[in-house]
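Heads up: the structure comes next, in structure tokens.
This is how it looks when you write it as structure tokens:
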């Protein structure tokens, strides 16, 4: 045999000889049971919790969503503040386009025929005055409504306030109509179309499910029990599901979340991917820890008088903003999360012998006997080694 | 030697003595090969799949995005329904502000000079009547257009319908102009500016890439092959990439997603972070499983006549809503995911000896011989142990 | 004893006998130290980095957010271009509704009394002409402003341009007012209400913290040092925190991000869940690598003259768009991530003996002595085995 061949064979042996641990079988049913029991626990955790409950073997992806909404309904108002008026969607949906957020006007304070001019401020401690000295020209008070001209004029027969340059007459929003002007809005319905995508899995879904046909969609109305898949919601129903009273909320307005949960299991053995609707009020209705409760905003309609002067109708619009909030996670079997979770469980399994050994070598009555066979104490003294070994096995 | 010193030394030994497993080297090339091969498989999985394909060593973060859009172009319409009219962006972009979603008007049904008044309903089975008894005052029919006054009046010379209080004259939207009025909108262009942030890595990017200069931006137009980085898109091109025909979609409207995918690898050895554009129709165009196909909404322009009466022009606007959908995940080397994935692979590696052992002790012909040397069976009988041991090694 | 009973007992033994590895204790303080030290390193990584720094034991969930904003303040403009004018929120907030994105008008180019008519193009190389032959009827130039009628008319006394059909007079937007018209907008304040949800943990929070009361909210103003929890921001302050100058940015507009970071630790021992505000300019202000710098859009107010003709006031609105960007991740103790991370660390711990063994069997001087006791080389020759074993233990 040549030298190189010998070397090669040696390396081959080094690589392909199989090195295994020597083991000792201990016929103690106690340790055995503990070992098997802990193994069972780890297995149960892996199968039961990780796989069934948490579905940790799945890759996940977040939803990407597009929403269109369309509100239908009309109302008729006949209050002392305003002329009798008929309202349809083009009037009460602001802005008119149905995005993931839409606003339904329910109440308002209208100040018509405002022009750029001068008028007395609304009376409050910082605007009332006795003579012109109390008013400084050009001063703007953040709580006021315009730029002071420096004059003190009559607001009413008893009160004098500083004159301001502003859109006059000023809006008086202290008295909100109650009940809400557009109380009939509770019977409006909204159609929500939601199209979602999970880009990682290239899956597209719509909230109008495949088994639904056009004729059903034309007459249905969402109801958790009878029509859970219908994408048409009555506003009153939405609010009552959220635990709110429509007439109550309509007065000062508010923000209401229409929450669509797309939690999808895309594995073929559990193809579940339907939206779940829930409803929740998003603004704070408790007046203590709050500022500007409810929801309102001001907008104006601009007109030109025949002689070219610009006037506007200022509207402080109270109403309910509906935010369609779409969220969700899709899961699909993925090799990496499976391996990671199995690996972690295996690591715990490989920890178990250490635990059982510790139990065996400390708690059992025969611990010395077991220790003697399991553990060999090597003496530090090289010369004496063979003897030590011999005795260790022979007589100990 | 004092007693405490002895105790201390004992503890020291207990802590710092190194306990290693006794091993047995088996010169069987079969088991060795199986062992090495499975090791290789695990290694390949770790290096190939986890590191290269899945990049599981990376920490990830989702994109935060801000979008501005600006549409350019004008059109001229000259149809029988309306006066000849010139359209620019301020007319056909509703709302005028370019957010992540913008709407291009392509078709419309205009109902001018509506006033709050009374007029006969549009004829349909539930609104036609013979005399006033068929119409109930105050009734609102969800399929109707107003509040019934209780009168039955002539709609045409042959048909009588209930009179309603509404914005009159009523809109007749059964006949949609075809081809679409603003068919020229297909040549409009849109500039999309997208600024993204990955907050975890404090990385900011724009879709106007650093190597692009102003003069190129002024004349370029997106094309997947020749100008993939240009942020200016022609509407017709967007629709054709989405597999839709502009003229077809323009009639009834629709929703189209402009999807910007920021999948970034932020590691220094692979600094790739450019947006990828794709286009997809988001609404359902199939009429079977659908309600209110296409995309439209109603809005009104309010005017005041010289004598103070409010009139409005109601517009049912059909058009294409473009939703700019930005998504993406950035990845960067992270110590925790690396450790977790390596650890899981190591756990599998530590499982391999068990597999090889099982193979060795069940499938090989010399299994008894190997078992004899690998496994020591401890007898339960403490007294007989030394003998058992002796025999176990000597004669078995 | 019957045969089946024996078989059953054998199986029982097979299942419940405990198989443990035989070990060898090596009283070498060097190897021991290395082993303990590496164990310590892994432990430190687990406790220090994974648990304390990265909180990898936590399940995470992304935030779902709803935002309402309300801008307050008014301004007075008195420039040569326009009549003196008072501005309030209804005038300068476009669109009026405070969503997660709101726009504050700061500058504008107003073109009043536009009508559908004919007028000469603005002069530029492609629109100037000498006679009618230079203008082609029906031609639309993307850089032009209307549809050419085919006539060449006087623009001024010296320049002739093609006549176009458009909204006339044409807008001249080359001269932007500087300083910005609504420079006073820097003193406007905005109230931001933000309501967030972490659906996985069913946790809801608001940016108006529980300890804040109404009277504080009425007078406070956000300041990073003195009032970090106040949700009312002065626009000037927002821009200065973002490193921008309001007056500078007001001229051409821009996009500014109000970034709210909800990074929540929901474990009971660290109940931290407060929003952190930061501000950053989102558009590109460098003119080199840019197109259409700043932020502007055009909108029109439509009027009807007494004789029924439609006119519009075109406004090119420059201003600052504020994008309220809410992001964040909540973490809460979760069993799966804990197990995964501990498992990975355990896997590394189980790798350590292999490392220590390799060190012991290659680097130490007594390596042969240790190897001799640790590793048993099994001979391939079955017959000679007992002898080999005997010698192996006896004399080697």
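Residue numbers (the numbering used here), protein chains in the order written: chain A, 12 to 407; chain B, 12 to 407; chain C, 12 to 407.
Backbone N, C-alpha and C fix where the C-beta goes; we use that ideal spot for every residue, glycine too.
Setting aside the 5 residues that flank it on each side, residue 89(C) is surrounded in the same chain by 95, each with a C-beta closer than 7 Å to its C-beta; the list follows chain order. Between the alpha carbons of residue 197(A) and residue 58(A) lies a gap of roughly 49 Å.
When Cβ pairs closer than 8 Å are counted between the two stretches, the stretch 257-266 of chain A is seen to touch the stretch 286-304 of chain A, the count reaching three or more. Here residue 46(C) is actually not in contact with residue 56(B); their C-beta atoms are around 28 Å apart, not less than 8 Å. Around the Cβ of residue 353(A), a 10 Å sphere holds 16 or more other Cβ atoms; the residue is buried. Ranked by how close their Cα comes to the Cα of residue 390(C), the residues 20(B), 36(B) and 26(B) have 36(B) in first place.
Residues of chain A with a Cβ closer than 9 Å to the Cβ of residue 292(C) do not exist; the shortest Cβ-Cβ separation is about 25 Å.
With fewer than 16 other beta carbons inside 10 angstroms of its own, residue 92(A) counts as exposed.
For residue 248(A), the secondary structure class from DSSP, reduced to helix, strand or coil, is helix. Excluding its 5 nearest sequence neighbours in each direction, residue 317(A) has no C-beta neighbour in its own chain below 8 Å.
Note that the stretch 74-90 of chain B touches the stretch 141-159 of chain C; at least 3 beta-carbon pairs, one per stretch, sit closer than 8 Å. For residue 378(C), the enclosing alpha helix (DSSP H) stretches over residues 378-385. Contact between residue 127(B) and residue 199(A) fails: their C-beta atoms lie close to 19 Å from each other, not under 8 Å. Taken through DSSP and simplified to helix, strand or coil, residue 112(B) comes out as strand. Closest option to residue 64(C), judged by alpha-carbon separation, among 361(B), 345(B) and 377(B): 345(B). Put simply, the CB of residue 210(C) is far from chain B, with every gap to its CB atoms at 9 Å or more. Contact between the stretch 200-214 of chain A and the stretch 228-246 of chain A is present, with at least three C-beta pairs closer than 8 Å. When the alpha-carbon of residue 213(C) is set against those of 73(C), 382(C), 280(C) and 384(C), the nearest one is in 73(C). Where residue 77(C) is concerned, the enclosing beta strand (DSSP E) starts and stops at 75-83.
Taking every protein chain shown into account, the CB of residue 179(C) has 16 or more other CB atoms within 10 angstroms, so this residue is buried. Residue environment for residue 277(B): buried (at least 16 other C-beta atoms within 10 angstroms of its C-beta). In this structure, DSSP gives residue 198(C) a helical state, which the three-state scheme calls helix.
Restricting attention to 129(C), 341(C), 319(C) and 350(C), the CA atom closest to the CA of residue 211(C) is found in 341(C). Nearest in C-alpha terms to residue 257(C), of all of 193(C), 288(C) and 347(C), is 193(C). Using a Cβ-Cβ distance cut-off of 8 Å, the stretch 110-121 of chain B and the stretch 308-326 of chain C are not in contact, since fewer than three pairs of beta carbons, one from each stretch, lie closer than that value.
Taking the Cα positions, residue 388(C) is about 42 Å away from residue 66(B). By the Cβ test, the stretch 132-141 of chain B is not in contact with the stretch 102-109 of chain B, since fewer than three Cβ pairs between them sit closer than 8 Å. The Cβ atoms of residue 159(B) and residue 165(B) do not sit closer than 9 Å to each other. In summary, residue 348(C) is buried, with 16 or more beta-carbon neighbours lying within 10 Å of its beta-carbon over all protein chains present. In terms of Cβ geometry, residue 386(C) and residue 33(B) form a close pair [threshold 9 Å]. Around the beta carbon of residue 230(B), fewer than 16 other beta carbons lie within 10 angstroms, which makes this residue exposed. Boundaries of the beta strand (DSSP E) around residue 159(A): 158-165. Between residue 176(C) and residue 129(C) a beta carbon distance of about 6 Å is seen, short of the 8 Å cut, so the two are scored as contacting.
Taking the Cβ atoms as the reference, residue 167(C) lies roughly 53 Å from residue 337(C), outside the contact range of under 8 Å. Under DSSP, the beta-bridge partners assigned to residue 119(A) are 328(A). Boundaries of the beta strand (DSSP E) around residue 269(B): 265-272.
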